[in-house]
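To keep things clear, I will list the structure first and then write my remarks on it.
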Amino acid sequence: MYPSLFARDVFAELDRLQREMSSLFDLSPGIRGFARGGYPALNVGNTPQSVEIYAFAPGIDPAKVEVALDRGALTLAGERSTATPAASDDQTTLHLNERFAGRFRRVISLPDDVDPAAVSANYRDGVLHISLQRKAAAQPRRIEVQ
Amino acid sequence: MNAVTQTDTNAVTPTRADADRRASTLLPPVDVIEDPTGITLYADLPGVPRDKLDLRVQADQLVIEAELVIALPQGMAPSHAEVQVSRYRRTFTLSNELDADKVSAELSHGVLQVRIPKAAHAQPRRIAVNVG
Chain A
536 MYPSLFARDV FAELDRLQRE MSSLFDLSPG IRGFARGGYP ALNVGNTPQS
586 VEIYAFAPGI DPAKVEVALD RGALTLAGER STATPAASDD QTTLHLNERF
636 AGRFRRVISL PDDVDPAAVS ANYRDGVLHI SLQRKAAAQP RRIEVQ
Chain B
534 MNAVTQTDTN AVTPTRADAD RRASTLLPPV DVIEDPTGIT LYADLPGVPR
584 DKLDLRVQAD QLVIEAELVI ALPQGMAPSH AEVQVSRYRR TFTLSNELDA
634 DKVSAELSHG VLQVRIPKAA HAQPRRIAVN VG
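Which chain is which? The protein sequence lines are A and B, in order. The first sequence begins at 536 in this note's numbering and counts up one residue at a time. The second sequence begins at 534 in this note's numbering and counts up one residue at a time.
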């Protein structure tokens, strides 16, 4: 085979692009869509015993963030303030201002079998990890056949 | 008795497409403020512990590379993933008046703060004018 003239195979690039585009649409966001400004980004995972939520929220005060569970929906709300001055005076110049600052609020719908009394949350390295246990009765059980 | 050889059908040969996917990284959002004594850069790097952050100066480039580490329980199946890549990378070209040897940084709650002072010769100085 001839060595490729380009660093990457053109078809692999097109394939990767197509997969990325389709993955953008396959995310099937909930009816509440994405957060304004994309903050905080959320990853939600399921295990047979729990629902795990990871909110990528750097720079917040964990004591001030509001995590509320109400009728099958988890609400994550708070405010993120940055040390960045909004306007520049004649001494300082703001060259880039890409980070999100301000109030945020995201709502995640949860399945029915989540136990509202068994929720734990911890904040580490800027990631808020919320773990919701499923009700014990809802967990799969083997039924013995006599 | 037949001897059965088992081949690992799950072995995946890395294809070029996989290599491309591995090369894609997250671009962390940054705030850059310049004052008369230097530049302060803030970067959002959630999920990066102290030991997974690689901050270095290469020639005139400031390179921020980091790996995201989050505790994932056994057998977790993702249902909604807005963050799908686990590496951050961003580079900046530093201009001449910045003193690359005196860069200092701090990482706290997923926010990286980098301070790059301007070289002494580049700091604003008033020049006294002698009236002859």
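Glycine included, every Cβ here is placed at the ideal spot set by N, Cα and C. What you are looking at is a predicted structure, and each value in this text was computed from that prediction instead of being measured.
Which word fits Thr-629/B, buried or exposed, when buried means at least 16 other C-beta atoms lie within 10 angstroms of its C-beta? Against the second sequence, residue 629/B aligns to sequence position 96. Residue 629/B is actually Asn in this sequence, not Thr. The residue in question, Asn-629/B, is exposed, as its Cβ has fewer than 16 Cβ neighbours within 10 Å.
Would you call Asp-564/B buried or exposed, if buried means 16 or more other Cβ atoms sit within 10 Å of its Cβ? Working through the second sequence from its first residue, we reach residue 564/B at position 31. The residue is buried, with at least 16 neighbouring Cβ atoms inside 10 Å.
Does the beta-carbon distance from Thr-627/A to Glu-567/B come in below 8 Å? Within the first sequence, the letter at position 92 stands for residue 627/A. Within the second sequence, the letter at position 34 stands for residue 567/B. The answer is yes: Cβ separation under 8 Å.
Starting from the beta carbon of Pro-569/B, find every residue of chain A whose beta carbon is closer than 7 Å, and list them in chain order. Against the second sequence, residue 569/B aligns to sequence position 36. Simply Gln-626.
Would you give the residue range spanned by the beta strand (DSSP E) that Ser-619/B belongs to? To locate residue 619/B, count along the second sequence from 1; it is residue 86. Ser-619/B -> no beta strand (DSSP E), and no H or E assigned at all.
Measure how close the beta-carbons of Ser-644/A and Ser-655/A come, nearest whole angstrom, since I'm counting them as under 8 Å. Residue 644/A sits at position 109 when you count from the first residue of the first sequence. Residue 655/A sits at position 120 when you count from the first residue of the first sequence. So it is not a contact: roughly 20 Å between Cβ atoms.
Going by alpha carbons, who is nearest to Ile-597/B out of Gly-608/B, Arg-620/B and Val-616/B? Within the second sequence, numbered from 1, the residue matching residue 597/B stands at position 64. Ranking the options by Cα distance to Ile-597/B, first place goes to Arg-620/B.
Could you have a look at Gly-571/B and say whether DSSP puts it in helix, strand or coil? For this step, residue 571/B is matched to residue 38 along the second sequence. The answer is strand: DSSP assigns Gly-571/B an E or B state.
Can you check DSSP and say which residues form a bridge with Lys-651/B? Taking the first residue of the second sequence as 1, we reach residue 651/B at position 118. Paired residue(s): Leu-631/B.
Compute the Euclidean distance between the alpha carbons of Gly-594/A and Arg-623/B, then round it to the nearest angstrom. If you number the first sequence from 1, residue 594/A lands on position 59. If you number the second sequence from 1, residue 623/B lands on position 90. Distance between the alpha carbons of Gly-594/A and Arg-623/B: 19 Å.
Simplified DSSP assignment, three categories, for Arg-583/B: Position 50 of the second sequence holds residue 583/B. Reduced to three states, the DSSP call for Arg-583/B is helix.
Neighbourhood of Leu-604/A by C-beta, 7 Å cutoff - its chain only, sequence neighbours within 5 removed: The residue you call residue 604/A lines up with position 69 of the first sequence. Closer than 7 Å at Cβ, skipping near neighbours: Pro-651 and Val-654.
Give me the Cα-Cα distance between Leu-663/A and Arg-606/A, rounded to the nearest whole angstrom. Residue 663/A sits at position 128 when you count from the first residue of the first sequence. Residue 606/A sits at position 71 when you count from the first residue of the first sequence. About 21 Å.
Quick one: measure Cβ to Cβ for Gln-711/A and Arg-659/A, integer angstroms, because I've assumed they're closer than 8 Å. Because chain A spans 536 through 681 in this model, residue 711/A falls outside it and cannot be assessed.
Using a Cβ-Cβ cut-off of 8 Å, state whether Pro-651/A counts as contacting chain B. The count along the first sequence starts at 1 and reaches residue 651/A at position 116. So no, Pro-651/A is outside the interface.
Can you tell me whether DSSP reads Gln-626/A as helix, strand or coil? Position 91 of the first sequence, counted from the start, is the residue given in the question as residue 626/A. In the structure shown, Gln-626/A adopts coil according to DSSP, grouped into three states.
Can you tell me where the beta strand (DSSP E) holding Val-596/B begins and where it ends? On the second sequence, residue 596/B is found 63 positions in, with the first residue counted as 1. Residues 594-600.
Exposed or buried, Asn-657/A, counting other C-beta atoms within 10 Å across all chains shown (16 or more means buried)? As a working note, residue 657/A is residue 122 in the first sequence. Asn-657/A comes out exposed.
Between the C-alpha atoms of Thr-610/A and Ser-641/B, what's the straight-line distance to the nearest angstrom? If you number the first sequence from 1, residue 610/A lands on position 75. If you number the second sequence from 1, residue 641/B lands on position 108. Spanning the two alpha carbons is a distance of roughly 25 Å.
Identify, in the order they occur along the chain, each residue of the same chain with its Cβ nearer than 6 Å to the Cβ of Arg-648/B, setting aside the five sequence neighbours on each side. Reading the second sequence from its first residue, position 115 is the one you call residue 648/B. These residues qualify, in order along the chain: Thr-573 and Ser-637.
Interface flag, Ala-608/A vs chain B, CB-CB below 8 Å: Numbered from its first residue, the first sequence carries residue 608/A at position 73. So no, Ala-608/A is outside the interface.
Taking Leu-588/B as the query, report the chain A residues whose CB atoms sit under 9 Å from its CB, ordered along the chain. Residue mapping note: residue 588/B aligns to position 55 of the second sequence, counting from 1. Taking the beta carbon of Leu-588/B as reference, no residue of chain A falls within 9 Å; the closest one sits roughly 15 Å away.
Among the candidates Val-616/B, Pro-611/B and Pro-579/B, whose CA atom is the shortest distance from the CA of Ala-599/B? Within the second sequence, the letter at position 66 stands for residue 599/B. Residue Pro-579/B is the option with its Cα nearest to Ala-599/B.
Close-in-space but distant-in-sequence residues of the same chain around Leu-559/B (CB under 6 Å, 5 per side omitted): Here the question's residue 559/B lines up with position 26 in the second sequence. Same-chain partners within the cutoff: Val-618 and Tyr-621.
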